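Number of protein chains: 2
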Amino acid sequence: MAGKSKQPSTPGRQLAKAVRDSKAPAISRAAAVLRLLGKSEKPLGLQPIARELGLVPSTCLYVLRALVAEELVSFDADTKRYALEAGVLTLARGWLRRNEFTDLAQPVLDSISQRFDVTVLGAHIVGLDHIIVVAVSQSGANLQLSAQIGSRFPALISATGRCIAAFGDHTDADIEARFGTLRWDEPPTFADWQAQVAETRQRGFAVDAGNYISGVTVLAAPVWKTRGKLSHALVAIGIGSAVKGSGLPALQDALLSAAQTLSNRLCGEV
Amino acid sequence: MAGKSKQPSTPGRQLAKAVRDSKAPAISRAAAVLRLLGKSEKPLGLQPIARELGLVPSTCLYVLRALVAEELVSFDADTKRYALEAGVLTLARGWLRRNEFTDLAQPVLDSISQRFDVTVLGAHIVGLDHIIVVAVSQSGANLQLSAQIGSRFPALISATGRCIAAFGDHTDADIEARFGTLRWDEPPTFADWQAQVAETRQRGFAVDAGNYISGVTVLAAPVWKTRGKLSHALVAIGIGSAVKGSGLPALQDALLSAAQTLSNRLCGEV
DNA sequence: TGATATTGTTCAATATATAGAATGTTATTC
DNA sequence: GAATAACATTCTATATATTGAACAATATCA
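Those sequence lines, one after another, are chains P and W.
Quick note: to get the numbering used here, add 287 to the position in the first sequence (first position is 1).
Quick note: to get the numbering used here, add 287 to the position in the second sequence (first position is 1).
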């Protein structure tokens, strides 16, 4: 009857909710463990994992063992530490294999990144929570870039956020609530931001001029998978001079028309 | 009390075993669902998934709902079809981010692939079951290649298999049992293959001269993460002439010395 | 278009996954 | 190097995830 003295961490609290609501709580626990291991810089022992997620150690052990058996987590018998295993790559491959957006977007991204010497991303819009980078193209050597695929960002941040606010059908209340939680280098006021969202709606693409990361300009153009349902965005990222002056309008046009072409192709196919 | 008339499929039978043995069967079910969706060419409905995996539909529904909540599976409310969601990419990114093997191996693979005009892979050896491709470098345009990362192959197939047989500490009985299940274009006899394994042990690297895929020569050199424990392999794949004649010895040397350098660096660091 | 088969979803009983204490096991401290 | 602390792991009672049948919603066919 005594109140618990534990103070669950942020992932712990979210997990506790998911566990209560689900008819398969072990799966929520497993996903939380996988994400924690994915974030961690080094392999973790049972106790730290259980503590961070607010799990009972014995339950956490069973979860880990199941994940090890499925080859999604590796276990070092000497140090008793757990880490992500290469099996997660196989799942990602399954997703990449037949994702029409990445197939269609990659050549487009490559073309823009080379022509304007900027980094270009294809982002998948999951909802109001966050976006996931699903395709990348850089002008220079593109070796370490593939590691950026899979990165998650808050949905409403930067230029992509203005696109989602402008073209996704979310209520103003939802949007304002989320807006408060964002972290910017140079935060705009909500009023300023709303004006920019309105401008985005009018122009068809969004600009973040150093708000998210100061000195970095970000452009984003919306892509629709089915008519009326915002699903992806093309994003161009340039440092300082690369996206200033005479080059900018050309880049804006290229990004916007690429996004429109993609939308047409995605809508037509399905 | 009546016997079941269902005849579970292969994934279904394996899953049934995992479910019985585990203290968190929902996780085994979830992993099986993810793998099935990863393999499938198109989104699947509840019933086909449940049938293929030998799951009760209601249970399968709860599993899918939990996976949707975790953003590992997407659900199309109109068609009621499930597919992998981009969230699996985020897990893969977590793995890639701090995997010393891929970091160290990538430049080495690039150098060899360019110099000899062959495809070069870094493979992670999971056990006697299979290997997973974790790094790729190709000589030509390397856009669609990144999709190959995550591919799984039977452990004992091709040149990598001879390496595992030669340098992993597995019993002959285990090896012979698995050998029988392999599928080659031009199957070697077990005696021939054993002779090649012995040669591999002597030379330090393995060759598959068209057995696995006829006309394709595969070289593999072992990489040790900790002294005495085989963990990875470097694999060079060449079509016909590219790996015949005078060029072959130089490629063998390059692959072998690259593997040894990698082994030293991986052992030393940890 | 109406009838029928198939699929997706809810519901209540029960087999069982989970929580928490007890037990080994390893790391840390003095 | 002994004592102590933290850790991983087993064990058992109980809350609950799973099952299989009943129901609702689609899709299919005549």
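For every residue, glycine included, the Cβ atom is placed at its ideal position computed from N, Cα and C.
Treat the numbers as computed from the prediction; the structure is a model and nothing was measured.
Boundaries of the alpha helix (DSSP H) in which residue i is found, first to last residue
| i | result |
| --- | --- |
| T560 (chain W) | Residue 560 (chain W) lies beyond the range of chain W shown here (288 to 557); nothing can be said about it. |
| I500 (chain P) | No alpha helix (DSSP H) holds I500 (chain P); DSSP gives it neither H nor E. |
| V395 (chain W) | 387-403 |
| Q334 (chain P) | 333-340 |
Closest residue to residue i among the options (Cα-Cα distance)
| i | options | result |
| --- | --- | --- |
| I436 (chain W) | W:Q393, W:P335, W:L351, W:S550 | W:Q393 |
| E387 (chain W) | P:E372, P:F466, P:F388, P:E387 | P:E372 |
| V413 (chain P) | W:A356, W:W471, W:R552, W:F492 | W:A356 |
| D365 (chain W) | W:L331, W:A442, W:L302, W:K512 | W:L331 |
| V423 (chain W) | W:H417, W:E473, W:R385, W:L408 | W:L408 |
| S327 (chain W) | W:R368, W:R402, W:D472 | W:R368 |
| I418 (chain P) | P:G455, P:A545, P:D472, P:K329 | P:G455 |
| V421 (chain P) | P:T297, P:F403, P:G299, P:V522 | P:V522 |
| A478 (chain W) | W:Q425, W:A379, W:R449 | W:R449 |
| A318 (chain W) | P:E358, P:Q401, P:A453 | P:E358 |
| A303 (chain P) | P:R338, P:L333, P:L324 | P:R338 |
| L480 (chain W) | W:T377, W:I526, W:I451 | The displayed chain sequence assigns Trp, not Leu, to residue 480 (chain W). Checked all of W:T377, W:I526, W:I451; the closest Cα to W480 (chain W) is W:I451. |
| H457 (chain P) | P:V484, P:P475, P:F440, P:P474 | P:V484 |
| V505 (chain W) | W:L549, W:P475, W:K329, W:F492 | W:F492 |
| D416 (chain P) | P:P474, P:I526, P:T468 | P:T468 |
| L324 (chain W) | W:A311, W:S438, W:S361 | W:S361 |
| T297 (chain P) | P:A311, P:L340, P:I336 | P:L340 |
| A453 (chain W) | W:R439, W:T476, W:V510, W:T406 | W:V510 |
| L396 (chain P) | P:A507, P:R300, P:L351 | P:A507 |
| D404 (chain W) | W:T513, W:Q547, W:L535, W:S550 | W:L535 |
| V320 (chain W) | W:P441, W:A311, W:L351 | W:L351 |
| R514 (chain P) | P:G525, P:C554, P:R490, P:A545 | P:C554 |
| V503 (chain P) | P:K512, P:A482, P:R490, P:W471 | P:W471 |
| T406 (chain W) | W:K531, W:Q334, W:Q425 | W:Q425 |
| L474 (chain W) | W:R552, W:D495, W:Q489 | Reading off the sequence, residue 474 (chain W) comes out as Pro, not Leu. With distances taken between Cα atoms, P474 (chain W) lies closest to W:D495. |
| F252 (chain P) | W:G374, W:S400, W:R552, W:A410 | A query on residue 252 (chain P) cannot be resolved here, the shown segment of chain P reaching from 288 to 557 and no further. |
Beta-bridge pairing of residue i - partner residues as DSSP gives them
| i | result |
| --- | --- |
| V360 (chain P) | P:L371 |
| I412 (chain W) | W:I418 |
| P509 (chain W) | W:A520 |
| T458 (chain P) | T458 (chain P) is not bridged to any residue. |
| V494 (chain W) | W:L506 |
| T406 (chain W) | W:I524 |
Start-to-end residues for the beta strand (DSSP E) that takes in residue i
| i | result |
| --- | --- |
| R439 (chain W) | 439-441 |
| S309 (chain P) | From DSSP, S309 (chain P) is part of no beta strand (DSSP E); its letter is neither H nor E. |
| V423 (chain P) | 417-424 |
| I524 (chain W) | 516-526 |
Members of the region 384-410 of chain W that neighbour chain P once the beta carbon cut-off is set at 9 Å: Residues R384, R385, N386, T389, D390, Q393, P394, D397.
The region 306-313 of chain W in contact with the region 537-550 of chain P per 3-pair CB rule at 8 Å: A contact between stretches requires three or more CB pairs, one per stretch, nearer than 8 Å, and the region 306-313 of chain W fails this requirement with the region 537-550 of chain P.
Sufficient close CB pairs (3 or more, under 8 Å) joining the region 499-508 of chain P to the region 442-454 of chain P: Contact holds: three or more Cβ-Cβ distances are below 8 Å.
Interface residues of the region 361-384 of chain P facing chain W [CB-CB below 8 Å]: Residues L371, E372, A373, G374, V375, L376, T377, L378, A379, R380, G381, W382, L383, R384.
Against chain P: residues of the region 317-329 of chain W by CB proximity under 8 Å: Those residues of the region 317-329 of chain W that come within reach of chain P (Cβ to Cβ, closer than 8 Å) are A317, A318, L321, R322, L324, G325, K326, E328, K329.
Stretch pair the region 455-468 of chain W + the region 518-525 of chain W: three plus CB contacts closer than 8 Å: Per the Cβ contact rule, the region 455-468 of chain W is not in contact with the region 518-525 of chain W (fewer than 3 Cβ pairs under 8 Å).
Cβ-based contacts, 8 Å cut-off: residues of the region 504-517 of chain W near chain P: Taking 8 Å as the upper bound on Cβ-Cβ separation, chain P lies near no residue of the region 504-517 of chain W.
Interface residues of the region 304-317 of chain P facing chain W [CB-CB below 7 Å]: Those residues of the region 304-317 of chain P placed with their C-beta closer than 7 Å to a C-beta in chain W are A305, S309, K310, A311, A313, I314, S315, A317, ordered along the chain.
Meets three-Cβ-pair contact criterion under 8 Å: the region 375-389 of chain W and the region 340-358 of chain P: The region 375-389 of chain W makes no contact with the region 340-358 of chain P; the number of CB pairs closer than 8 Å stays below 3.
Under 7 Å (Cβ pairs) to chain W, residues found in the region 333-345 of chain P: Within the region 333-345 of chain P, no residue qualifies.
Positions along the region 437-470 of chain P whose CB lies within less than 9 Å of some CB in chain W: Result list: G437, S438, R439.
Selection of the region 530-551 of chain P by Cβ proximity to chain W, strictly under 9 Å: Under the 9 Å Cβ criterion, the region 530-551 of chain P contributes no residue.
Chain P contacts made by the region 479-491 of chain W, where a contact means CB separation under 9 Å: None of the residues of the region 479-491 of chain W has a beta carbon lying less than 9 Å from any beta carbon of chain P.
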